[in-house]
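Engineer: Encoded as C-alpha cells, here's the structure I'll be asking about.
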Amino acid sequence: MSTEVSRRKFLQGSIALSVIGGMASTNLFSNEEKKGKIKTTTKTNTTQARTVSTLCEMCVNKCALIARVENNIITKLDPNPLFPKSRNMLCARGNAGIQALYDPDRLKYPMIRVGEKGEGKFKRVSWDEAFEYIKEKTVKILDEEQDNRSSFMFCAGEGMAEHTFKTFYDGFGSSNWLNHSSICLQTVASAYGVTLGTYPQADLENAQYIIMAGANRAEAFVTPDTMDFVKKVKAKKNSAKLICVDPRFTNTAAKSDKWLAIKPGTDLAFVLALTYVTLTEELYNKTYVAENFNGFEEYSAMILKENYTPEWAEKITGIKAKEIYEIAREFMANAPKAIYYPGRRSTFSKNDFQLRRAMAIFQALGGGIDCKGGLVFGKQFKLKDHEEIIPMYDNAKARAVVMNNQHIGYDSCAIVSGGGSWISWRNNFLEETQPYKVRGMFCYKHNPMMNMPNTAKTAQMLKKMELVVCIDTMPSDTVMYADVVLPECTYLERTDPVKTFGGVEPAIAQRNKVIDPMYESKPVIEIMRALTNKISKPLFEITKKYDEEVQSEIASSSEKEVYEEFDLTKPFMFSQEQINEYTVSDYPDAAEKLKTQGVYYPKMDEYFKQLSENEFEYYPEAAKSYSVNGGKPVTPSKKVECNIESFTKKGIDSMPMWRDEYMYSIPKNQFRLMTGRHAQYTQTSTANNAMLKDLMYQNYLWINKHVAAEKNIAFGDIIEVSSKIGKTSLRAYPTEKIAPDNLFFIHGFGQESSELNWAYKNGGNDNAIIEDFMEPVYGAAAMHETNVEIRKV
Amino acid sequence: MARYGMALDYKNCINCKACETACKEENGVLLGADNHRIWVGMKEIEGEYPNLSIASNTFYPSQCQHCDEAPCQEVCPTNATYYDKDGQVRIDADKCILCSYCINACPYDARYVDDRTNTVDKCTFCTDTRLARGETTTACQNTCPTKVRIFGDLDDPNSEISQVLQNREHFTLKSNLGTKPKLFYLI
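Here it is as C-alpha cells:
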C-alpha cells in the first residue's frame, strides 16, 4: 500500500483531475463587480464567534449542524452531536453549505422575464412589481377559466419549507399538486405501505445480516443508515454480513462481504427465488407467518406453481443459483435480525412496485418486522398543527388526469397518489388530453427541467404555460423558463417549520436562521405573506363573480364573514418562529431548546451522553423504540398483505409475480443506461457548488474497460451518448466496475442555464436522454429502462 | 505539552470526502484539485467484471504524518519547517523560500504549494484554528460520518488514541524509512 496513498499518484489516477478553470465574469446575476472576486474558503479565527444550531439542507437528510459566525460571516459548519439521526456527522455537502450561501450566482432580486422563455433574459424589479405582475396574470387566467382554481399547477421539491408552500396551494384551491415522489421514492414507499402498513426504517445498527440491493448507502447518503451500516459491517466484534446486489461496483460494494452483479431490472426474480427457497425449505418463521400474514397460502402456492427456483432466477439475473440458496438460508438463519434493505430512489424499472412488495414479504417471512435488528416503525413525537385554510371553491375542478374509458383507472397509471405522476401530467398537458386547461404554475425549490426524464418535453411544457412563477435560490434550468422569479434565501438565512423525526431514537429538530437573508432574498413564508396580501382580495373577487355557493352564502350572511374562509393571508400572519413555538408547545421546554440547541427530545438532558470524542449515546437501551406495535404490521388488518385482490380491478398483479416483459435484454451495439446519486452531489441542486466541484469537477461516463479498449476510448475522451429522444456528451471513465452492456453516470450535471457559472454545460445530462418510461402503478419515472448508443467525439 | 497523533480506523472509510471539505473550510485551503491538505487514496479495483476483488478496493485516508523524525524538517534550509511544542510538524510561512526541498523529501507526498502565498502548506492538525481555540478535535475528525479518525495526545496514557493503540493492532506507512509517523492505521 505504498503507492496509492501518495497525493500525486492519487491525482493522476483520480477522476477528479480537472482544476476549476477561469470563469467568465459576464454573468448578469453575478455580484462580482460589486463585491470583488469570489472568496471560496474562509479560515476560521480564534477571535470571538457566535454559534447557531440549525439543520442542513444540502440534501434531504436534515442533519443537525452548528454554524460558526465571525463578523457576521459564516466561516464553518460543524456537526451538532445532539441529533440522533445525524449522529455527529456532516458530510462533504454539508460542509460545503457555506459555498451555497456565498455562491455569486445566487438569485438576488425579484425578476420579470424580458426575452424569450428559456433564454434567461430578465429585468430586475421590486418585490411589489413582481407580485403585481403575478396578480394581473393570475386574475386574468382565473377570470377566463371562471374560477377553476385547478387551472394552476403547483409543484415543489422536498424540503422543510415545502410545507409552507403547500399551505399556499391548499388555500389557493387547486387540485394539481406535483412533487418529487413520482421521480423518487413513490413505488418503494407505497409498496411497503400497502404490504406492511408503512415505509419502515431499518435498524442496521443491530442487524446481523443485511442485503442491500440497488441501494448505495456509502455514496447515496441516508442518515443514520450510512453511518450505521458501515460501522456494523466493519465492527471488530459482533459484525454483520453485508450482501450488496448492484449491477455496478459501488463504494457500498467495496464495504460488502459479497457483491452480486445483477442484471438491471431483474431484482424481482432474485427476491422471488429467495422466497422460493425459504418456502420449499420451510425456513420461514412459522409462528410469525401464522399470526401475521394475509394471503400466505395463495402466495406460497403461486411461488411454487410458477417454479421460481434459484436455477430459474440464475438465467434471468445472472446471479448463481448456489448464491441464491446460500443467501436465503443465511438470511433466515439470522432472522429476525436480518434486513432486506428497502432502499429509496428506487423506481429503476417498470416492475419496481412489485419488487418492493416482494422484498417486504420476504422480510416478513423471517419475522423481522417492528423489532430490534429488523425493519422498524419507530416512535414519533406529535406536533400541534397550526392554522391552515382550505376553502371550498365550487368551480375548482378535480385533478387534471386523463380518465380512460377502456378500463377502470387512469390513462397512464393505475393509481394517482398525493404527489401525482409528474411525467404523465406533463405529457398529458402537452398532448392536450387533460379535461380542462391548466395555464399557470407556481414552482417552489423544484427543477423539473433537470429532474425529469425527457428534458425536451419539459421545456415544451414550460414554454406553453402562460404564467410560470419560480421561487428558488439559484438560476436553475427551470428558473430560465420562468416569467417571474422570486429569490428565496438559502437555508442558512431562514427559520423553517419545526419537524419531528421518528425512529428508534425519535427527536424534534429545528432549522434556525444563522444570518439575515442576503441581497433582496426572503424566506418562503415571507414571500407567501406578501404575495397573499397582494392577491387574496382580487382572487376572492373572481370567486364572488363565478361561485354560486359563495354568492348565496354572502346573501345569507355577510361578505366579510364569507371572506374569512377565503382569506389567503391567514396562514402567514405569524412569523415562522411564532408558529414553531406554538407547534411544540405540548413539550414544556422544547421551544427554547430548539432555538438554542436545534434538537429536542424529552429527557434529553438525562439521556444524552458523550462516550468518547467520536461516540454519543442518545437513549438508554431500554428507552429505545425498537418495537412500537408488538411486532405486527400496521396495515388496517394488522397483517402482512401478500395478496391484494382489489389490485386486479386496476390491472395490477395482486401478488408480486415475474412477467416475461421484465426480462433484461439489450440490442447489439447498445447499452443500458443507469444513473445514480453521489456522496458529493445532491442531484441538480449542488452542481454549481465551488467546493464540491473541487472534489469532482464533472460527471464521468462509466464504461467497461474492455469495451472501451475495443472502441479505442481512453480516460477523459469525450463520448456522445444518445437515445431515441436526445443526446448528451461527457468524459469517459473506463473501469472494471461496470458490465460490458451497461453505462453509468451520476445525475445532476450538464445544466443548460448559462447563469450557473460552474454548472453550465458541464458534464452530461442524463434526463436529456432518459426516455419517459413509466412504471404502470403510480406512473413513476422508470429511470433505468433506456437503451443508448455511444460515439467518440 | 501534548504529543498529538491520529489513529485511522481506515476500513470504515467510504471515501465520502467530508474530511477534505471540512479541512478546507476550517483552514481556508485554496480551492483547486492540487491544493489540499488531506485526501483519500484509492486505486482501480483488481479483477475483471464481475469477478472483482472487494479487498483490493480499500480506501486510505492520508495527510501529513507529523513524523517524529521528519525528512522535510531535515532538508529545510531556512528552518521554515519546525516541530511545535505539541510535536506537530509546522511551516513558518515567513521563512519559506519555496525551494521545494521539503516537497521532494516528504515520502508521503503530503505537501503542496499555496498559490496565494507562494509558500508550502500541509496539514497542521488544525493547530492555529481549532486547537488554538481550545477545542480538542480536528475538523476532519469531528465531521467524519463513519468515525474513521481518533485524534489525541499520544503521551496521555488515558487518551482515547493511546487506549486504542494499546488495544488494537496497527501499522504506520513506510515505517522502514525510520520517520516515525504519528498517523496510525488500525487493523
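Those protein sequences? They're chains A and B, same order as listed. Take 8 as the starting number for the first sequence in the numbering used here and just add one per residue. Take 14 as the starting number for the second sequence in the numbering used here and just add one per residue. No residue lacks a Cβ here, since even glycine has one placed at the ideal position from N, Cα and C. Given the structure is predicted, the values throughout are model-derived calculations rather than measurements.
Which residues in chain A sit within 7 Å of serine 61 of chain B, going by Cβ to Cβ distance?
Structural biologist: Residue 61 of chain B sits at position 48 when you count from the first residue of the second sequence. Per the sequence shown, residue 61 of chain B should be read as glutamate rather than serine. Near glutamate 61 of chain B (Cβ distances below 7 Å), the residues of chain A are Glu743.
Engineer: Buried or exposed: where does valine 505 of chain A fall if 16 or more other Cβ atoms within 10 Å of its Cβ makes it buried?
Structural biologist: In the first sequence, the residue the question calls residue 505 of chain A occupies position 498. Valine 505 of chain A should be labelled buried.
Engineer: With respect to the beta strand (DSSP E) encompassing leucine 84 of chain A, which residues constitute its N-terminal and C-terminal limits?
Structural biologist: Stepping through the first sequence from its first residue, residue 84 of chain A is reached at position 77. Per DSSP, leucine 84 of chain A belongs to the beta strand (DSSP E) from 80 to 86.
Engineer: At least one CB of chain B closer than 7 Å to the CB of threonine 233 of chain A: is that the case?
Structural biologist: Position 226 of the first sequence, counted from the start, is the residue given in the question as residue 233 of chain A. With 7 Å as the cut-off, threonine 233 of chain A counts as an interface residue toward chain B.
Engineer: Would you report the Cα separation of isoleucine 217 of chain A and glycine 509 of chain A, rounded to the nearest angstrom?
Structural biologist: Numbered from its first residue, the first sequence carries residue 217 of chain A at position 210. Numbered from its first residue, the first sequence carries residue 509 of chain A at position 502. Using only the alpha carbons, I get a separation of about 22 Å.
Engineer: What residues of chain A sit near asparagine 70 of chain B, judged by a beta carbon separation below 7 Å?
Structural biologist: Your numbering for residue 70 of chain B matches position 57 in the second sequence. Going along chain A in sequence order, the residues near asparagine 70 of chain B (Cβ under 7 Å) are Ala261.
Engineer: Glutamate 500 of chain A touches chain B at which residues, Cβ-Cβ below 7 Å?
Structural biologist: As a first step, residue 500 of chain A must be located in the first sequence, where it is residue number 493. Result: empty, since nearest Cβ-Cβ is about 18 Å, beyond 7 Å.
Engineer: Ordered along the chain, which non-local residues of its own chain (more than five positions away) have a Cβ less than 7 Å from that of proline 84 of chain B?
Structural biologist: Translated into positions along the second sequence, residue 84 of chain B becomes position 71. Excluding sequence neighbours, proline 84 of chain B sits near Ala118, Cys119, Pro120 and Thr192.
Engineer: Can you give me the C-alpha to C-alpha distance between glutamate 165 of chain A and serine 428 of chain A, rounded to a whole angstrom?
Structural biologist: Counting from 1 along the first sequence, the entry for residue 165 of chain A is found at position 158. Counting from 1 along the first sequence, the entry for residue 428 of chain A is found at position 421. Taking the straight line from one Cα to the other gives about 15 Å.
Engineer: Does the beta-carbon distance from phenylalanine 615 of chain A to valine 795 of chain A come in below 7 Å?
Structural biologist: For the purposes of this step, residue 615 of chain A is taken as residue 608 along the first sequence, with counting starting at 1. For the purposes of this step, residue 795 of chain A is taken as residue 788 along the first sequence, with counting starting at 1. Going by C-beta atoms, phenylalanine 615 of chain A is not nearer than 7 Å to valine 795 of chain A.
Engineer: If you drop the 5 nearest sequence neighbours on each side, which residues of the same chain put their C-beta closer than 6 Å to that of cysteine 36 of chain B?
Structural biologist: Taking the second sequence and counting its residues from 1, one reaches residue 36 of chain B at position 23. These residues qualify, in order along the chain: Arg50, Ile51, Ala152 and Cys153.
Engineer: Can you look up isoleucine 27 of chain B in the DSSP assignment and give me helix, strand or coil?
Structural biologist: Position 14 of the second sequence, counted from the start, is the residue given in the question as residue 27 of chain B. Here isoleucine 27 of chain B sits in coil by DSSP.
Engineer: Might you give, ordered along the chain, the residues of its own chain that have their beta carbon closer than 8 Å to the beta carbon of alanine 31 of chain A, omitting 5 neighbours on each side?
Structural biologist: Here residue 31 of chain A corresponds to residue number 24 of the first sequence, with the count starting at 1. Reliability fails at alanine 31 of chain A, whose pLDDT of 31 lies under 50, so the model's placement of it is uncertain and the value that follows must be treated cautiously. Once the five neighbours on either side are set aside, the close Cβ partners of alanine 31 of chain A are Asn764.
Engineer: Tell me which residues of the segment 760 to 777 of chain A have at least one Cβ-Cβ distance to chain B shorter than 7 Å, keeping chain order.
Structural biologist: Taking 7 Å as the Cβ-Cβ cut-off against chain B, none of the residues of the segment 760 to 777 of chain A qualify.
Engineer: Give every residue of the same chain whose Cβ lies closer than 6 Å to the Cβ of tryptophan 709 of chain A, excluding the five residues on either side of it in the sequence, and list them in chain order.
Structural biologist: Translated into positions along the first sequence, residue 709 of chain A becomes position 702. Excluding sequence neighbours, tryptophan 709 of chain A sits near Tyr740, Thr742, Ile745 and Phe751.
Engineer: At a Cβ cut of 8 Å, what residues of the segment 125 to 156 of chain B count as close to chain A, listed as they run along the chain?
Structural biologist: From the segment 125 to 156 of chain B, only Tyr125, Asp141, Thr142, Arg143, Ala145, Arg146, Thr149, Thr150, Ala152, Gln154, Asn155 and Thr156 have a Cβ closer than 8 Å to chain A.
Engineer: Grouping DSSP H, G and I as helix and E and B as strand, with all else coil, what is valine 486 of chain A?
Structural biologist: Locating residue 486 of chain A in the first sequence gives position 479, counting from the first residue. It is helical.
Engineer: Residues in the segment 614 to 626 of chain A with C-beta within 9 Å of chain B's C-beta atoms, listed in sequence order?
Structural biologist: Those residues of the segment 614 to 626 of chain A that come within reach of chain B (Cβ to Cβ, closer than 9 Å) are Ser619, Glu620, Asn621 and Glu622.
Engineer: In angstroms, rounded to a whole number, what distance separates the CA positions of proline 88 of chain A and arginine 798 of chain A?
Structural biologist: Start at 1 with the first residue of the first sequence, and residue 88 of chain A comes out as number 81. Start at 1 with the first residue of the first sequence, and residue 798 of chain A comes out as number 791. The straight-line gap from Cα to Cα measures roughly 49 Å.
Engineer: In whole angstroms, give me the CA-to-CA distance for threonine 145 of chain A and glutamate 473 of chain A.
Structural biologist: Position 138 of the first sequence, counted from the first residue, corresponds to residue 145 of chain A. Position 466 of the first sequence, counted from the first residue, corresponds to residue 473 of chain A. So the two alpha carbons sit approximately 10 Å from each other.
Engineer: For the segment 86 to 117 of chain A, enumerate the residues whose C-beta is nearer than 7 Å to any C-beta of chain B, in chain order.
Structural biologist: Here the close residues are Pro86, Met96, Leu97, Cys98, Ala99, Asn102, Ala103 and Ile105.
Engineer: Within 7 Å (strictly less), CB to CB, does lysine 193 of chain B reach chain A?
Structural biologist: As a working mapping, residue 193 of chain B is identified with position 180 in the second sequence. So, not an interface residue.
Engineer: Against alanine 268 of chain A, what residues of chain B qualify as contacts under a CB-to-CB distance less than 8 Å, listed in chain order?
Structural biologist: In the first sequence, the residue the question calls residue 268 of chain A occupies position 261. Going along chain B in sequence order, the residues near alanine 268 of chain A (Cβ under 8 Å) are Tyr62 and Pro63.
Engineer: Helix, strand or coil: how does DSSP classify tryptophan 429 of chain A here?
Structural biologist: Here the question's residue 429 of chain A lines up with position 422 in the first sequence. It is helical.
Engineer: Could you tell me whether the Cβ of glutamate 702 of chain A comes closer than 7 Å to any Cβ of chain B?
Structural biologist: In the first sequence, residue 702 of chain A corresponds to position 695, counting from 1. For clarity, residue 702 of chain A is leucine in the given sequence; the question names glutamate instead. Chain B contact via Cβ: present.
Engineer: Note down, in chain order, each residue of its chain lying with its Cβ closer than 7 Å to the Cβ of histidine 393 of chain A, except the 5 sequence neighbours on either side.
Structural biologist: Locating residue 393 of chain A in the first sequence gives position 386, counting from the first residue. Once the five neighbours on either side are set aside, the close Cβ partners of histidine 393 of chain A are Ile586, Tyr589 and Thr590.
Engineer: Since threonine 49 of chain A meets chain B, which of its residues come closer than 7 Å, beta carbon to beta carbon?
Structural biologist: Mapped onto the first sequence, residue 49 of chain A falls at position 42. The contacting residues are Gly41.
Engineer: Measure the alpha-carbon distance for isoleucine 777 of chain A versus glutamate 792 of chain A and round it to whole angstroms.
Structural biologist: For this step, residue 777 of chain A is matched to residue 770 along the first sequence. For this step, residue 792 of chain A is matched to residue 785 along the first sequence. About 8 Å.
Engineer: Taking only beta-carbon atoms, is methionine 219 of chain A less than 7 Å away from chain B?
Structural biologist: Residue numbering aside, residue 219 of chain A sits at position 212 when the first sequence is read from its first letter. With 7 Å as the cut-off, methionine 219 of chain A does not count as an interface residue toward chain B.
Engineer: Residues in the same chain with beta-carbon distance under 6 Å from glutamate 77 of chain A, minus the five sequence neighbours each way, listed in chain order, please.
Structural biologist: The residue given as residue 77 of chain A occupies position 70 in the first sequence. For glutamate 77 of chain A, where only same-chain residues beyond five positions count, the Cβ hits under 6 Å are Asn52 and Ala56.
Engineer: Under the rule that 16 or more other beta-carbon atoms within 10 Å means buried, what is methionine 481 of chain A, buried or exposed?
Structural biologist: Your numbering for residue 481 of chain A matches position 474 in the first sequence. So methionine 481 of chain A ends up on the buried side.
Engineer: Establish whether the CB of alanine 20 of chain B and some CB of chain A are separated by less than 7 Å.
Structural biologist: In the second sequence, the residue the question calls residue 20 of chain B occupies position 7. Output row for alanine 20 of chain B: interface = no.
Engineer: Have a look at cysteine 823 of chain A and alanine 403 of chain A and give me their C-alpha separation to the nearest angstrom.
Structural biologist: The shown model of chain A, from 8 to 800, leaves out residue 823 of chain A, and the question about it has no answer.
Engineer: Should glutamate 500 of chain A go down as buried or exposed, given a rule of 16 or more other Cβ atoms within 10 Å for buried?
Structural biologist: Locating residue 500 of chain A in the first sequence gives position 493, counting from the first residue. With 16 or more Cβ atoms within 10 Å of its Cβ, glutamate 500 of chain A is classed as buried.
Engineer: Between glutamine 208 of chain A and chain B, is the shortest Cβ-Cβ distance under 7 Å, so that the two count as touching?
Structural biologist: Here residue 208 of chain A refers to the residue found at position 201 of the first sequence. By this cut-off, glutamine 208 of chain A is not an interface position.
Engineer: Grab me the residues of lysine 639 of chain A's own chain with a C-beta within less than 7 Å of its C-beta, minus the 5 sequence neighbours each way, in chain order.
Structural biologist: By 1-based counting over the first sequence, the position of residue 639 of chain A is 632. Excluding residues within five positions, the ones whose Cβ falls inside 7 Å are Asn299, Asp377 and Lys645.
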